[in-house]
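The sequence shown lines up with residues 317 to 373 when you count with the working numbering.
Glycine residues also receive a C-beta, built at the ideal position from the N, C-alpha and C atoms.
Model, not experiment: these values are computed from the prediction.
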Amino acid sequence: MPTTPEPAAERSADEVNEEIRALWFRSGGMLNMDERREYQRLVMEWATVSPDPTRAA
């Protein structure tokens, strides 16, 4: 069994941002090591799905 989670279906940047906010809220602003790993994963996911502000629409 793999130790890395299966990639979830692509979510919008807003959905990922909401999950990041919920993580911070649940933790009371102090992330433990597991929460930090989750935060890092979420930030990477957010960066992947966020619009690139340097590209013209």
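Rounded to whole angstroms, the Cβ separation of V365 and R327 is 7 angstroms, and the two are in contact under 8 angstroms. Distance from the CA of A338 to the CA of Q356, rounded to the nearest whole angstrom, comes to 14 angstroms.
In the structure shown, E326 adopts coil according to DSSP, grouped into three states.
According to the DSSP assignment, L358 belongs to the alpha helix (DSSP H) that extends over 349-365.
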